[in-house]
Amino acid sequence: MGILKRRKGGTPARSLQSRASGGDQKFHLVHVTGVGFAREIIRAGQIDATLCKVFEEDLVYFFAMRPAYKLREAQKRQEIIDYFPFVFLVDADHLGPPFHVYPFDTGGALDGAFDDGASPGVYLEDYALEETLQAVNNHIEWAFGSAANYYDGKVRRDFGADIPDWDTGPKTFAKIARLAAEGSNRPDRRASAIEIAYDRHITLDHVKFAVLPEQFLESPMGNNSEMLDKLTDAGISWDTYQWRPNRPPSDFHPEINKIVRKYLQGQGEL
Amino acid sequence: MSDAQLRLSLIGWYSCVSHGYALPLFGQSVGANTLYIARTAVSGDHRSTIAAFDLIDVDDQRRLRNEDIISLSVGDPWHDVFLWNGVPYIGTPDELWNEISRYHADVASRAPLSILDLALNARRPDVALLAESAMKFLRDHYGDTKARSWRQQWLRGQADIAFRRRLVRANLSQDLSRNLSIEEPVVNILELHVPEGLEAQAQRKSTTEILSEISPLAAFLGATIDTALTAPALDLELPLSVPPLSSAEETSIRSDAPALVIVSGKRAEEIARHLKKCLGSDPSKLEMIIAKSGRLPKSIGGRARPTVAVIVGEEDRRDFLSSEVSSLLRRQSEAGALIIIIPALPLMKPSRLFERADLFETRSGYVVLDTAIARSPLWWGNEKRSIDRRISDVIELALLTARSSVVRRELLHSLTDEGLILSVGSLLFEKSRRTLREPALRLPLVSEASWVPADPKLADKTVKFSLRINSDDIPDLTKSEQVVVEGRRLEKRFSDFAVAVTTSLISRGRSRSTIDSYQIEEMRAAPAGLAKTLQFPEDLSPLRIRRDGGTIKVVVTSETPSLDAVKSADREGWDIARYTDTPTLRRLISGETEQRTFPDEIDIGKIRSTEVNRLLATRGIDLRDVIRISFDDMSEWLDRLPDDERDRAVAHVRPLRTGARPYGDESNDHVLRRDFLAQRSRAATELLDVLQLRSHAISASVPLKRAADLEKCWTRSPDFQRFVLADGIVPGIVLELQAGEIPSQELFVIDGDVSIPLLYRSRVFAVWARATLPKASSWMARFSVTSTFGGFPIPKPFRIIRLDENRTALICDEIPSSVVEAVQKIDRSIDRGLAGLAPENWREAHRAANSSSARSALDAFICEVYRLPEEASDIHILERLLELNAKLN
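Residue numbers (this note's numbering), protein chains in the order written: chain A, 1 to 270; chain R, 271 to 1159.
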């Protein structure tokens, strides 16, 4: 458990809300999962909402635009999902209001991944944004200035400078968000990836793009082409990344970011 | 990292797909729960060394077999796990490339990207061709844009590794190369973008070296590459010239035209009959001609065909292929055709074509199809099909696969001095998911003509290529089918095959511990003198099988053993059986037979058959020749008739006795002759009316299937008893028919007296019946009127008397009363047995009665009649019967 915890009482400060007014830019939501789960999603035709132990609700998690991964920490085990990620990009237009919106990955936060920027006096709920997609645009405008900067994890150059010290919520968030920048000692793109959760299953017709390992291009047994056919039939375009058994995730994750960036640029979102 | 983590065992793998490179998993020991992955000194470089092991959480990993596990240390070369056809191959790039050499063509056809990586990592010159195939594959399947996008990514990966190697040598961070990119400003013209920091660290010289490394790769993929600064002018056009194909090359790749099949010889025609039913009816797929006496019709013309197949009968051993056929094949081969020689398997021996490569050309493009796979006990297809149908299945599959350009390329270019044998097999996908069950992945394509180990990891040098073809590649295949095609050097390994067959028989239906208690040992020498009695003495495998209950010695042969061969083996204390004779092999393995006997499949040569003996037995009626009526229908019908007509109608109805349930409720199953319906009587009209309620397909105008048998079964001499003998069951099951009963076709009718149960229940008849049962050409054992009855010698005091032109009866004037009593005792024993059994278990009652003392008395009398000692062995009895048969007139 890290420094950042859930509030057990009292009213959340929600001090990051309405800090700025962003445009009404449309954006995609990104769901990163392992290949095994992705097969099941494609077979079932939906991304299932599953029980979240933190919020005790059936939820599906996304990040706004950005494929964000947990990066390796020394002496910690890696997980197979890091080696075989499968990325879905979902059109947020017709999903309705989200269950919650946070300016970072809540799971990583509670695990202590962002402790370098956190304060024991600020609780998870204090960082919550409004439960709307507009809140995402507002937050990007306030902290990053543009969607492109947000995608790269680059907060505004002077971000946090004008926040008074007593305003601990925004102040600590400014510290946490900088952990996602490449110049950080422990770059973790989850630290500033805006998390959006829905409390319902998301059917494949909302998915518009997918990124998967290149092994799926070949189908000696027929089952891979069947999966690609299902994606195509569902109107989902896709691209592949180069997977090698001796490449650490930190090597090919940037490739996935590049592919997603290209897609979002094509959609006019970046 | 602890010392323990400096050396770990490669114990398993995880993969997101079922083929190609997998993620190798390491552990401290075979069953370790804590798993690690290896990190290479140069990320992504398969020729790099292991730099460290990192912990990983994996729930669903696969484990290697104990014998495949290897121990690796930090500093050792990187080892890959490569999956193909469900089998994990482990090794360095060079080891992997060599280990799967026989699957190269298969991997290239179904996973062209994976084999490109394999070849590149092993630094093989094949990269040039494979790169071209990879691009073609991507273009064909996903379009040009995706293919070019993949090319950029792939080349970027290679440039990245090249930079990283230099960065590691210079002790610099590999992360510097992360932002390396390749762009394609103009189609097929690529720019390598080297970030400033990397350029500075790696030095301009390195960039130039790396460009020269990846430029050939780009060229193989149809592009040029340079650094962004010196990219070629935008209007540069790539010279793309493809040399035109020769006409022979055009023919060789033109696989969609119909194949020509030449049928040469009587046996070939028997097989081709079945082929005609499936493929022959579609002229777009197959054109079939019969070469009568080796002559070809003039209409055949001289146009080039993509595939010419010859089904060759071996009736004339001097001249397998006539000069006319040989000359046609040569012309077609020169014009680019694939020539498939198809041995029409002789029923009782192997084909000489599998061992005589000199009988046809051993030049490129000539292959012999392994049709013998059809009679292998490890046959991949429907076991209930007759041998000839199975052979036609193999031929059909081979002709279909010959339409695949990948298969054609391999067959047309795989040449060995010894000739090439083509093995084909079909795997079915599971219905619910398009995946193969794991055991099914290892299709045993083995036969008397060609054998390779079932374990694909035991790479066999005789295998020239091994391919799997999906329905996507051959439109005529069903969606749920995958075809395995292998080209092998023409080389028999009968001993290995015989051991594999015997092992499979031991494994079937036994527990692991029981299987482990068996030991098969191949003996050095076969019984002395046996070779002289065989036509294929080189195809025999003397085996010693040890099990808990004792040891057996059996010679497994490729041909049906003659009586001389059986006697020769018997003299030395050996059993002998052809590998196709699974009932005999099973009996021997399980130790069911106490006394040595001859095998079920035995070649007794040509036997005589006399008309008077043949007429003795008549097969029961074909049920399509009568109207079968249930008791309820019959009651309804008769109720509709006035009393007088009812009595007349009842006279036409006969109780039916079927072979399946001869002791069932007789009142429930009756038959009438079909011509009864043709009468314009009220009874016939009413019957039609009743039956129309239940049946729509009864017509009196359809010709009878077996009119003569119907007639003989329907009429009966009042002077004799009527018995029936159950078809195909040894020892004979004889039961007496009651008045008016009509037997169905699973029963043979024999008229006479008590001689019939006496003779046909005897061990002497059992020996004869078993020796004359058909040999592995059908899955159903059936007696033959000609061999089983027509050839069975019946000596005095038995007499066959002629009743009329078409019927005879068997009687005996001098049966001792003790023998008659023995027969009656057996009947009573059967009746008692039946009383305690369910009707469907009627055979049990007969079997039990066979072991009674009365049966011994019966056998003793019959042995005396045949002048055989009471304790005569089966082999001795058969020998005596053949002696008597030779004297039949």
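Note that CB positions come from ideal geometry on N, CA and C, so glycine has one too.
Who are the Cβ neighbours of residue i in its own chain at under 8 angstroms, not counting the five residues just before and after it?
i, result
"residue 855 (chain R)", "771, 772, 775, 824, 826, 847 and 849"
"residue 30 (chain A)", "62, 63, 64, 65, 66, 67, 68, 87, 88, 89, 90 and 260"
"residue 956 (chain R)", "907, 910 and 911"
For residue i, collect the residues of the same chain with a Cβ closer than 6 angstroms to its Cβ; drop the 5 residues on either side in sequence, then sort them by chain order.
i, result
"residue 60 (chain A)", "47, 49, 198 and 202"
"residue 691 (chain R)", "638, 640, 720, 758 and 760"
"residue 1031 (chain R)", "1002 and 1004"
"residue 231 (chain R)", "The structure shown has nothing for residue 231 (chain R), since chain R only spans 271 to 1159."
"residue 1011 (chain R)", "925 and 927"
For residue i and chain R, any beta-carbon pair shorter than 8 angstroms?
i, result
"residue 156 (chain A)", "no"
"residue 84 (chain A)", "yes"
"residue 217 (chain A)", "yes"
"residue 25 (chain A)", "no"
"residue 36 (chain A)", "yes"
"residue 273 (chain A)", "No information on residue 273 (chain A) is available, as it lies outside the stretch 1 to 270 that chain A covers here."
"residue 80 (chain A)", "yes"
"residue 149 (chain A)", "no"
"residue 14 (chain A)", "no"
Got a sec: is the Cβ-Cβ distance from residue i to anything in chain A below 8 angstroms?
i, result
"residue 288 (chain R)", "yes"
"residue 716 (chain R)", "no"
"residue 400 (chain R)", "no"
"residue 1012 (chain R)", "no"
"residue 709 (chain R)", "Since pLDDT at residue 709 (chain R) reaches only 44, below the 50 mark, its modelled position is unreliable, and the value read off the structure follows with that caveat. It does not; no Cβ of chain A falls within 8 angstroms."
"residue 294 (chain R)", "yes"
"residue 705 (chain R)", "Only weak support exists for where residue 705 (chain R) lies, its pLDDT of 49 falling under 50; the value from the coordinates is given anyway. It does; some Cβ of chain A falls within 8 angstroms."
"residue 373 (chain R)", "no"
"residue 827 (chain R)", "no"
"residue 964 (chain R)", "Because residue 964 (chain R) sits at a pLDDT of 49, beneath the cut-off of 50, its placement in the model cannot be relied upon, and the following sentence gives the value as read from the coordinates. No, its Cβ sits nowhere closer than 8 angstroms to a Cβ of chain A."
"residue 418 (chain R)", "no"
Compute the distance between the beta-carbons of residue i and residue j, then report whether it is under 8 angstroms.
i, j, result
"residue 595 (chain R)", "residue 566 (chain R)", "yes"
"residue 976 (chain R)", "residue 892 (chain R)", "yes"
"residue 1022 (chain R)", "residue 1081 (chain R)", "yes"
"residue 156 (chain A)", "residue 144 (chain A)", "yes"
"residue 487 (chain R)", "residue 428 (chain R)", "yes"
"residue 354 (chain R)", "residue 370 (chain R)", "yes"
"residue 694 (chain R)", "residue 733 (chain R)", "no"
"residue 809 (chain R)", "residue 620 (chain R)", "yes"
"residue 264 (chain A)", "residue 28 (chain A)", "yes"
"residue 1151 (chain R)", "residue 1019 (chain R)", "no"
"residue 176 (chain A)", "residue 114 (chain A)", "yes"
"residue 320 (chain R)", "residue 78 (chain A)", "no"
"residue 1142 (chain R)", "residue 1133 (chain R)", "yes"
"residue 948 (chain R)", "residue 919 (chain R)", "no"
"residue 391 (chain R)", "residue 289 (chain R)", "no"
Considering residue i, what are the terminal residues of the alpha helix (DSSP H) in which it resides?
i, result
"residue 454 (chain R)", "Element bounds for residue 454 (chain R): not the alpha helix (DSSP H) but the beta strand (DSSP E), 451-456."
"residue 52 (chain A)", "Unbroken run through residue 52 (chain A) is the beta strand (DSSP E), 50-52; no alpha helix (DSSP H)."
"residue 106 (chain A)", "106-110"
"residue 170 (chain A)", "168-178"
"residue 403 (chain R)", "397-412"
"residue 496 (chain R)", "Residue 496 (chain R) -> not in any alpha helix (DSSP H); beta strand (DSSP E) instead, spanning 494-497."
"residue 212 (chain A)", "Not the alpha helix (DSSP H): residue 212 (chain A) falls in the beta strand (DSSP E), residues 207-213."
"residue 143 (chain A)", "134-143"
Within its chain, find whatever has a CB closer than 7 angstroms to the CB of residue i; leave out the 5 residues flanking it on each side and keep chain order.
i, result
"residue 1060 (chain R)", "879, 880, 883 and 884"
"residue 1040 (chain R)", "870 and 1000"
Can you tell me where the beta strand (DSSP E) with residue i in it begins and where it stops?
i, result
"residue 360 (chain R)", "357-361"
"residue 1103 (chain R)", "First-last for residue 1103 (chain R): 1087-1105, but that is the alpha helix (DSSP H), not the beta strand (DSSP E)."
"residue 127 (chain A)", "Looking at the DSSP string, residue 127 (chain A) is not in any beta strand (DSSP E), and its letter there is neither H nor E."
- Query: Unbroken beta strand (DSSP E) runs of length 3 or more, entirely within the segment 1007-1085 of chain R: which are they?
  - Reply: 1017-1022, 1068-1074 and 1077-1082
- Could you name each continuous beta strand (DSSP E) segment of 3 residues or more that falls completely within the segment 749-773 of chain R, going from the start of the chain to the end? 751-759
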